[in-house]
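Line order of the protein sequences matches chains A and B.
Each residue of the first sequence is one higher than the last, beginning at 1 in our numbering.
Each residue of the second sequence is one higher than the last, beginning at 241 in our numbering.
No residue lacks a Cβ here, since even glycine has one placed at the ideal position from N, Cα and C.
Here the structure is a predicted model, which is why all the values come from computation and not from measurement.
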Amino acid sequence: MSGLTKRYGEVLAVNDISFAVPRGRTLALLGGNGAGKTTTIAMLLGLLIPTAGRICVLGYDMARSRFAALARMNFSSPYVALPSRLSVAENLRVYGHLYGVKHLEARILELARQLDLGAFLHRPAGQLSAGQKTRVALAKALINHPDVLLLDEPTASLDPDTGDMVRGWLERYRDESGCTILLASHNMGEVERLCDHVLMLKQGRIVDQGSPPALLDRYGRDDLEQVFLDIARNRVAAAA
Amino acid sequence: MRLRRIWGLMYRHIALYRRSWPRVLELMYWPVLQMCIWGFTARFLMMRANGPMLAASALLGGVLLWEVALRSQMGVAISFLEELWSRNLGHVFVSPLRPWEMIAALLLISFIRMLTGVLPAILLAFVFYAFNLFSLGPVVVLLFANLMIMGWWVALGVISLILRHGAGAEALAWSVLFGLAPFSAVFYPVSVLPAALQPIALALPSAHVFEGMRAALSGVVRWDHLAWAVGLNALWTAGGILLFARQFRSARTRGALLNIGE
Numbered sequence: 001m002s003g004l005t006k007r008y009g010e011v012l013a014v015n016d017i018s019f020a021v022p023r024g025r026t027l028a029l030l031g032g033n034g035a036g037k038t039t040t041i042a043m044l045l046g047l048l049i050p051t052a053g054r055i056c057v058l059g060y061d062m063a064r065s066r067f068a069a070l071a072r073m074n075f076s077s078p079y080v081a082l083p084s085r086l087s088v089a090e091n092l093r094v095y096g097h098l099y100g101v102k103h104l105e106a107r108i109l110e111l112a113r114q115l116d117l118g119a120f121l122h123r124p125a126g127q128l129s130a131g132q133k134t135r136v137a138l139a140k141a142l143i144n145h146p147d148v149l150l151l152d153e154p155t156a157s158l159d160p161d162t163g164d165m166v167r168g169w170l171e172r173y174r175d176e177s178g179c180t181i182l183l184a185s186h187n188m189g190e191v192e193r194l195c196d197h198v199l200m201l202k203q204g205r206i207v208d209q210g211s212p213p214a215l216l217d218r219y220g221r222d223d224l225e226q227v228f229l230d231i232a233r234n235r236v237a238a239a240a
Numbered sequence: 241m242r243l244r245r246i247w248g249l250m251y252r253h254i255a256l257y258r259r260s261w262p263r264v265l266e267l268m269y270w271p272v273l274q275m276c277i278w279g280f281t282a283r284f285l286m287m288r289a290n291g292p293m294l295a296a297s298a299l300l301g302g303v304l305l306w307e308v309a310l311r312s313q314m315g316v317a318i319s320f321l322e323e324l325w326s327r328n329l330g331h332v333f334v335s336p337l338r339p340w341e342m343i344a345a346l347l348l349i350s351f352i353r354m355l356t357g358v359l360p361a362i363l364l365a366f367v368f369y370a371f372n373l374f375s376l377g378p379v380v381v382l383l384f385a386n387l388m389i390m391g392w393w394v395a396l397g398v399i400s401l402i403l404r405h406g407a408g409a410e411a412l413a414w415s416v417l418f419g420l421a422p423f424s425a426v427f428y429p430v431s432v433l434p435a436a437l438q439p440i441a442l443a444l445p446s447a448h449v450f451e452g453m454r455a456a457l458s459g460v461v462r463w464d465h466l467a468w469a470v471g472l473n474a475l476w477t478a479g480g481i482l483l484f485a486r487q488f489r490s491a492r493t494r495g496a497l498l499n500i501g502e
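In structure tokens:
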């Protein structure tokens with residue numbers, strides 16, 4: 001994407017940001033609340049029309065051919081739910097049809113096995129625990145074998161064990177499929193483990209970027225959380 | 241337009257109804273209840289003298305056909321609201337489902353919902369009051385279709401308002417068509433309305449449909465009214481589509497699709 005800008009009246013939510021993610025790599029969007037992460041993801045998904053700039057996903061211009069790109073993308077967020085009265089299998093069936101998945105029933109069983117959904121595949125989604133819901137959301141996000149996966153806080157509200165399992169599944173899927181992942185997260189350990197490159201956003205602008213080791217080195221810190229705090233508290237110049 | 245994507249969204253609603261009998265019951269509840277209330281009123285009228293026979297039939301026909309418009313409108317609007325209530329719209333709108341495919345799925349689901357609600361009421365009218373709606377002849381299909389299409393464009397307007405004003409506009413899904421009922425001449429001819437209100441009534445396809453229904457009960461097919469109903473439906477449908485397209489784009493510009501439930 002290049003020169004991406006989103007303005008709501010006087011408020012500049014995203015201010016002229018540009019970046020590219022090579023295929024098969026994982027990019028993290030980091031920043032405090034209101035930094036522009038969700039707005040950027042929404043524009044990438046076509047939910048939001050940018051005020052300026054251009055987005056190109058898998059070679060498709062999102063302004064003109066977003067549906068062709070969306071068929072090869074998917075998305076997961078704890079802030080968007082699946083119909084709670086439908087069973088897990090029915091939910092996956094709905095999205096399988098929407099994404100035109102071939103051999104859908106086999107795909108559902110495959111995901112159920114990989115993500116350990118078998119015990120509650122026929123239970124209404126609304127009756128699941130937070131951890132189970134996250135695994136179902138991930139199954140929905142993987143139903144179409146996406147080439148680009150956008151994840152908004154994929155392990156929010158999960159206990160450390162389930163969070164670790166989810167991160168393991170994501171790593172495995174990326175390594176096996178060559179999928180490109182864009183991740184917005186407040187979990188710095190997750191970002192360090194999964195991501196090749198990090199964009200630090202503040203007030204809608206990219207204020208720094210680099211690989212996790214490069215950022216740690218540049219700020220002289222031991223973990224990304226300290227880097228995050230340096231940037232959030234305007235200690236950039238002093239630390240850099 | 242891909243039929244499989246349309247089926248995907250239809251399946252979402254069919255699966256919901258399959259596991260929720262109160263929802264299915266609710267589909268039939270109002271049409272059947274209306275039919276009981278107005279049906280017994282009509283029977284009382286019929287018993288009083290010979291004259292009101294036609295009026296009683298018009299009353300029963302009016303109740304049944306008005307339910308077609310009402311159920312069609314609510315079928316589309318409430319199916320859309322189901323997505324909003326389940327916080328699922330974000331997933332639907334980032335899938336390859338085109339907005340027009342979503343509308344097509346909602347219309348087809350609305351058709352199924354309408355038939356599920358109205359057919360038992362039609363059957364009840366025949367069993368309880370010996371009123372056969374199909375005795376109007378093949379023209380009944382045109383009356384049916386016009387009211388269904390009117391329900392659909394009204395629903396497109398409601399969805400557009402929900403896209404514009406969020407869940408605050410959801411009450412319109414239940415109330416908006418009731419507001420049009422007095423102008424639709426369901427139980428009385430347009431001529432009994434005050435002169436100032438008659439142009440409003442005649443701008444609605446429903447008023448022409450019910451004038452056509454009353455004529456059909458007397459054995460006359462009023463093609464002029466049917467032609468007006470079809471023409472007005474075409475005009476209002478175009479308006480509904482335009483409004484929806486504008487509001488959908490506006491919602492994507494304002495970021496309303498991200499927090500439409502609020």
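Reducing DSSP to helix, strand and coil, say where residue i ends up.
i	result
residue 140 of chain A	helix
residue 159 of chain A	coil
residue 7 of chain A	strand
residue 256 of chain A	Within the shown structure, residues of chain A are numbered from 1 to 240, placing residue 256 of chain A beyond reach of any answer.
residue 134 of chain A	helix
residue 426 of chain B	coil
residue 480 of chain B	helix
residue 71 of chain A	coil
residue 372 of chain B	coil
residue 205 of chain A	strand
residue 332 of chain B	helix
residue 237 of chain A	With a pLDDT of 46 at residue 237 of chain A, under the threshold of 50, the modelled position of this residue cannot be trusted, and the question is left open.
residue 35 of chain A	coil
residue 496 of chain B	helix
residue 379 of chain B	helix
residue 217 of chain A	helix
residue 14 of chain A	strand
residue 87 of chain A	strand
residue 296 of chain B	helix
residue 472 of chain B	helix
residue 19 of chain A	coil
residue 462 of chain B	coil
residue 413 of chain B	helix
residue 101 of chain A	coil
residue 262 of chain B	helix
Looking at the strands, I want to know which residues DSSP matches up with residue i.
i	result
residue 60 of chain A	A/57
residue 52 of chain A	A/5
residue 152 of chain A	A/184
residue 122 of chain A	Looking at the DSSP assignment, residue 122 of chain A forms no beta bridge with any residue, so it has no partner.
residue 242 of chain A	In the structure as shown, chain A begins at 1 and stops at 240. Residue 242 of chain A is therefore absent and cannot be evaluated.
residue 210 of chain A	A/198
residue 76 of chain A	A/151
Using a C-beta to C-beta distance shorter than 9 Å, which residues of chain A count as neighbours of residue i?
i	result
residue 251 of chain B	90, 93, 94, 97
residue 262 of chain B	Here the premise fails: no neighbours, minimum Cβ distance about 11 Å.
residue 315 of chain B	Going along chain A, no residue has its Cβ under 9 Å from residue 315 of chain B, so there is no contact; the nearest lies around 17 Å.
residue 259 of chain B	85, 86, 87, 90, 124
Quick check: is any heavy atom of the ligand SAM less than 8 Å from the C-beta of residue i?
i	result
residue 147 of chain A	Absence of the ligand SAM from the depicted structure is noted, as is the absence of any ligand whatsoever, leaving it without description.
Residues of chain A with CB under 7 Å from residue i, in chain order?
i	result
residue 247 of chain B	97
residue 493 of chain B	49
residue 326 of chain B	81, 83, 84
residue 255 of chain B	86, 90
Along chain B, in chain order, which residues have C-beta atoms closer than 7 Å to that of residue i?
i	result
residue 156 of chain A	By Cβ distance, chain B contributes nothing, its closest Cβ being about 15 Å from residue 156 of chain A, past 7 Å.
residue 45 of chain A	334
residue 67 of chain A	336, 338
residue 139 of chain A	Near residue 139 of chain A there are no residues of chain B at all, since even the closest Cβ is about 13 Å away, more than 7 Å.
Check the Cβ of residue i against every Cβ in chain B and list those closer than 8 Å, keeping chain order.
i	result
residue 70 of chain A	334, 335, 336
residue 228 of chain A	What residue 228 of chain A touches in chain B: nothing, since even the nearest Cβ is about 24 Å away.
Against residue i, what residues of chain B qualify as contacts under a CB-to-CB distance less than 9 Å, listed in chain order?
i	result
residue 100 of chain A	242, 244, 245, 248, 336
residue 120 of chain A	Under the 9 Å cutoff, chain B gives no residues; its nearest Cβ is about 15 Å from residue 120 of chain A.
Name, going along the chain, the residues of the region 28–39 of chain A whose beta-carbon falls closer than 9 Å to a beta-carbon of chain B. 38, 39
Under 8 Å, with one C-beta from each stretch per pair, do the region 350–361 of chain B and the region 309–324 of chain B reach the 3-pair mark? yes
For the region 180–197 of chain A against the region 216–235 of chain A, do three or more pairs of beta-carbon atoms, one drawn from each stretch, fall closer than 8 Å, so that the two count as touching? yes
So, does the region 377–385 of chain B touch the region 454–470 of chain B, judging by three or more C-beta pairs under 8 Å? yes
I want to know whether the region 145–152 of chain A touches the region 179–186 of chain A - three or more CB-CB distances under 8 Å. yes
Does the contact criterion of 3 or more C-beta pairs under 8 Å hold for the region 131–145 of chain A versus the region 112–119 of chain A? yes
Does the region 464–481 of chain B come into contact with the region 386–399 of chain B, if we say contact requires no fewer than three beta-carbon pairs (one atom in each stretch) closer than 8 Å? yes
Any 3 or more C-beta pairs closer than 8 Å across the region 329–339 of chain B and the region 33–47 of chain A: yes
Assess, as a yes-or-no matter, whether the region 440–451 of chain B is touched by the region 422–430 of chain B under the definition of 3 or more beta carbon pairs within less than 8 Å. yes
What residues in the region 1–28 of chain A bring their beta carbon closer than 9 Å to a beta carbon of chain B? 6, 8, 13
Using a Cβ-Cβ cutoff of 9 Å, what residues of the region 438–459 of chain B are near chain A? List them in chain order. none
When you compare the region 201–210 of chain A with the region 22–33 of chain A, are there three or more beta-carbon pairs, one atom per stretch, that lie closer than 8 Å? yes
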